[in-house]
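Just so we're aligned: 323 in the numbering used here is position 321 of the sequence shown, and the numbers increase by one with no gaps anywhere.
The structure appears right after this line, and notes come after that.
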Amino acid sequence: MIKRRTFDVLVVGGGPAGLAAVSTLLQESTKTCVWVDPQFRSGRLINFTPVPSNTRTSLFVRYAEGCGGGDGLAMRKLRERRQDVGCELKLAAEMVREVAETLAERHLERLERVWGTCEELEQTMDGWNALFSSGESVMVEHVILATGAHPKPGPSIPFDGIIVDPETLLRPSEIQLTAQDTVGVVGNSHSAVLILMNLSKLPSPPRIINFHRKNLRYAEYLNDGRIKHDNTGLKGEAAEWAREGMAKVERVQLTDEQTVYDKWLPECTHLVWAIGYERNPLPVIRDLNGETVMVSGYDTEQRLMGTNDKVICNLYGLGIAFPERVIDPSGEQEQAVGLWKFMPTTKKLQLSICN
Ligand SMILES: Cc1cc2nc3c(=O)[nH]c(=O)nc-3n(C[C@H](O)[C@H](O)[C@H](O)COP(=O)(O)OP(=O)(O)OC[C@H]3O[C@@H](n4cnc5c(N)ncnc54)[C@H](O)[C@@H]3O)c2cc1C
Numbered sequence: 003m004i005k006r007r008t009f010d011v012l013v014v015g016g017g018p019a020g021l022a023a024v025s026t027l028l029q030e031s032t033k034t035c036v037w038v039d040p041q042f043r044s045g046r047l048i049n050f051t052p053v054p055s056n057t058r059t060s061l062f063v064r065y066a067e068g069c070g071g072g073d074g075l076a077m078r079k080l081r082e083r084r085q086d087v088g089c090e091l092k093l094a095a096e097m098v099r100e101v102a103e104t105l106a107e108r109h110l111e112r113l114e115r116v117w118g119t120c121e122e123l124e125q126t127m128d129g130w131n132a133l134f135s136s137g138e139s140v141m142v143e144h145v146i147l148a149t150g151a152h153p154k155p156g157p158s159i160p161f162d163g164i165i166v167d168p169e170t171l172l173r174p175s176e177i178q179l180t181a182q183d184t185v186g187v188v189g190n191s192h193s194a195v196l197i198l199m200n201l202s203k204l205p206s207p208p209r210i211i212n213f214h215r216k217n218l219r220y221a222e223y224l225n226d227g228r229i230k231h232d233n234t235g236l237k238g239e240a241a242e243w244a245r246e247g248m249a250k251v252e253r254v255q256l257t258d259e260q261t262v263y264d265k266w267l268p269e270c271t272h273l274v275w276a277i278g279y280e281r282n283p284l285p286v287i288r289d290l291n292g293e294t295v296m297v298s299g300y301d302t303e304q305r306l307m308g309t310n311d312k313v314i315c316n317l318y319g320l321g322i323a324f325p326e327r328v329i330d331p332s333g334e335q336e337q338a339v340g341l342w343k344f345m346p347t348t349k350k351l352q353l354s355i356c357n
């Protein structure tokens with residue numbers, strides 16, 4: 003049961019981006035917040051617990067400290083690790099959960115958490131009326147959507163074998179494939195390479211065919227501390243493995259996709275689409291006239307846009323669903339995705355909400 007009916011800010015999503023938003027608002031303003039998530043179990047990170055991180059452990063510690071950190075067990079575990087290399091994402095997931103709990107205890111007066119989903123946002127003259135899956139509703143001035151993303155499904159093409167959920171293959175203990183199987187992995191992303199690595203390291207690995215459009219790209223650490231292709235290049239254990247391990251994989255370039263699939267898919271018993279992530283469905287958004295508004299994009303201040311790219315008042319996006327666009331050292335535009343990378347975006351957002 004929600005205790006109060008009005009808040010300054012609603013944050014939707016309890017993953018790393020939602021935590022960054024709530025902690026920044028609580029620490030750097032006097033705003034009251036209502037925070038909604040079905041579980042408050044660290045968002046999608048919970049699916050990646052055995053995955054080796056592609057960022058250094060020190061960045062998780064910096065993120066956590068930016069969120070108000072604390073000195074709980076998960077924080078201590080992270081701090082005890084070597085800081086200049088990666089760690090398994092389990093430690094990051096535990097930290098996000100712990101910091102969220104600490105924050106909720108510390109700010110009882112200004113933060114209320116709601117277990118469930120935000121189903122609908124109705125624009126009002128003063129802000130938004132938000133409806134939750136529990137049937138309850140609250141009035142808020144601003145809304146931040148940190149609603150996350152899920153693996154992008156592949157196109158529906160004829161395939162007689164089994165389509166495998168890519169995230170299952172990120173968890174080696176759940177993989178049930180053997181040398182009798184032939185697995186087609188479509189994609190060249192960080193997740194795709196982690197999947198190829200996990201498959202090839204099985205005690206009795208299947209035949210692995212990797213369908214890809216582009217060549218692999220690696221992040222480059224420059225002398226001035228910046229990282230070229232930081233968000234699009236391979237890093238960490240996946241990069242280390244790919245430099246040699248790719249030799250164990252049959253690589254098939256998707257030149258003419260139809261011809262390639264016609265030729266190769268009949269050989270595959272299993273197929274995995276590891277072609278990136280797409281935004282989760284958003285709550286239904288209604289304007290002042292009660293009309294449904296479809297989000298068409300977001301601007302450089304993370305403000306969401308609706309019909310004709312018009313900014314929707316007091317509605318913002320954050321995290322992997324609405325990553326900040328940045329320019330990398332090679333001059334290419336990238337989307338900044340990662341726990342530590344959500345912090346500067348969040349600070350910018352907090353400033354525009356509070357000014
Ligand atoms: C394989 C892989 C490896 C990665 N490795 C790293 C790494 O090493 N380092 C790093 O920094 N990052 C890494 N990332 C990126 C990082 O994990 C994600 O970017 C991060 O989880 C995204 O956080 P988020 O809060 O934006 O979204 P999510 O984690 O997806 O959280 C969104 C939350 O919102 C909730 N939600 C959605 N809709 C609603 C609604 N209507 N109402 C209420 N709640 C809702 C969801 O249930 C979920 O809990 C990796 C990602 C992948 C895929």
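Note that the Cβ used here is the ideal one computed from N, Cα and C, for glycine as well.
Here the structure is a predicted model, which is why all the values come from computation and not from measurement.
Residue i versus residue j: straight-line alpha-carbon distance, rounded
| i | j | result |
| --- | --- | --- |
| residue 246 | residue 202 | 12 Å |
| residue 258 | residue 165 | 22 Å |
| residue 244 | residue 8 | 51 Å |
| residue 100 | residue 74 | 7 Å |
| residue 20 | residue 150 | 9 Å |
| residue 32 | residue 301 | 26 Å |
| residue 291 | residue 125 | 9 Å |
| residue 152 | residue 324 | 13 Å |
| residue 242 | residue 235 | 12 Å |
| residue 191 | residue 117 | 33 Å |
| residue 180 | residue 207 | 6 Å |
| residue 220 | residue 137 | 48 Å |
| residue 37 | residue 128 | 19 Å |
| residue 227 | residue 347 | 20 Å |
| residue 282 | residue 83 | 33 Å |
| residue 239 | residue 306 | 35 Å |
| residue 26 | residue 109 | 12 Å |
| residue 147 | residue 78 | 30 Å |
| residue 143 | residue 289 | 14 Å |
Residue i, DSSP secondary structure in three states
| i | result |
| --- | --- |
| residue 268 | helix |
| residue 346 | helix |
| residue 49 | helix |
| residue 296 | coil |
| residue 334 | coil |
| residue 260 | helix |
| residue 186 | strand |
| residue 355 | helix |
| residue 340 | coil |
| residue 310 | helix |
| residue 210 | strand |
| residue 218 | coil |
| residue 87 | coil |
| residue 230 | strand |
Nonlocal neighbours in the same chain, by C-beta distance under 6 Å from residue i, ignoring five residues either side
| i | result |
| --- | --- |
| residue 122 | 133, 285, 286 |
| residue 61 | 342 |
| residue 312 | none |
| residue 222 | 230 |
Nearest-angstrom Cβ-Cβ length linking residue i and residue j, presumed shorter than 8 Å
| i | j | result |
| --- | --- | --- |
| residue 95 | residue 175 | Between residue 175 and residue 95 the Cβ distance is about 16 Å, and since that is not below 8 Å, they are no contact. |
| residue 361 | residue 297 | The structure shown does not extend to residue 361, since the chain spans only 3 to 357, so no value can be given for it. |
| residue 172 | residue 197 | 7 Å |
| residue 11 | residue 355 | 7 Å |
| residue 336 | residue 233 | 4 Å |
| residue 145 | residue 14 | 7 Å |
| residue 16 | residue 39 | 3 Å |
| residue 185 | residue 194 | The pair is not a contact, with the Cβ atoms about 12 Å apart (cut-off 8 Å). |
| residue 2 | residue 163 | Missing from the structure shown is residue 2; the chain here goes from 3 to 357 and no further. |
The alpha helix (DSSP H) enclosing residue i, as first and last residue numbers
| i | result |
| --- | --- |
| residue 25 | 18-30 |
| residue 114 | Not the alpha helix (DSSP H): residue 114 falls in the beta strand (DSSP E), residues 113-117. |
| residue 42 | It is not in any alpha helix (DSSP H) - residue 42 carries neither H nor E in the DSSP assignment. |
| residue 62 | 59-68 |
| residue 151 | It is not in any alpha helix (DSSP H) - residue 151 instead sits in the beta strand (DSSP E) that spans 151-153. |
| residue 11 | It is not in any alpha helix (DSSP H) - residue 11 instead sits in the beta strand (DSSP E) that spans 8-14. |
| residue 192 | 192-202 |
| residue 246 | 238-247 |
| residue 81 | 75-82 |
Residue range of the unbroken beta strand (DSSP E) whose run includes residue i
| i | result |
| --- | --- |
| residue 139 | 139-147 |
| residue 131 | 130-134 |
| residue 288 | 286-288 |
| residue 121 | 120-125 |
| residue 327 | 326-329 |
| residue 253 | 252-255 |
7 Å Cβ shell around residue i - same chain, five flanking residues per side excluded
| i | result |
| --- | --- |
| residue 360 | The chain is shown only over 3 to 357; residue 360 falls outside these bounds and no answer can be derived. |
| residue 169 | 49, 153 |
| residue 199 | 240, 243, 247 |
Cut-off 8 Å between Cβ atoms - residues of its own chain near residue i, not counting five sequence neighbours on either side
| i | result |
| --- | --- |
| residue 254 | 211, 212, 213, 214, 262, 266 |
| residue 80 | 59, 62, 63, 66, 89, 93, 94, 97 |
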